[in-house]
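So the structure is just underneath, and the comments pick up after that.
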Amino acid sequence: MSQRCDANRTVAAIREVFGYVADDVRILYGGSMNDKNAGELMSQPEIDGGLIGGASLIAEKFEKVINYHG
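Just so we're aligned, residue 2 is where the sequence shown starts under our numbering, counting upward by one.
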């Protein structure tokens, strides 16, 4: 199973457990979002955003992440 599918299913489960309250909350992917996987992760319907780690230390990589438009 891919990282994106696991992440999407996990966020969907969180939303199910918390019910309508989760509708008003942004749930972020807390793995290691970077310039190579941001597009794939952000294309998942349940993922609202992500935490950027090491990719934020290199301007070119960080720019690719923050400029992703799905």
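A virtual CB, placed ideally from N, CA and C, is assigned to each residue, including glycine. These figures come from a predicted structure and were not determined experimentally.
Judged by beta-carbon spacing, residue 27 lies within the 8 Å limit of residue 50, meaning their Cβ atoms are closer than that value. Listed as beta-bridge partners of residue 29 by DSSP are 50. Taking 8 Å as the cut-off, the beta carbon of residue 69 is found closer than this to the beta carbon of residue 39. In this model, residue 7 and residue 36 are separated by some 19 Å (Cα to Cα).
Rounded to whole angstroms, the separation of the alpha carbons of residue 12 and residue 21 is 14 Å.
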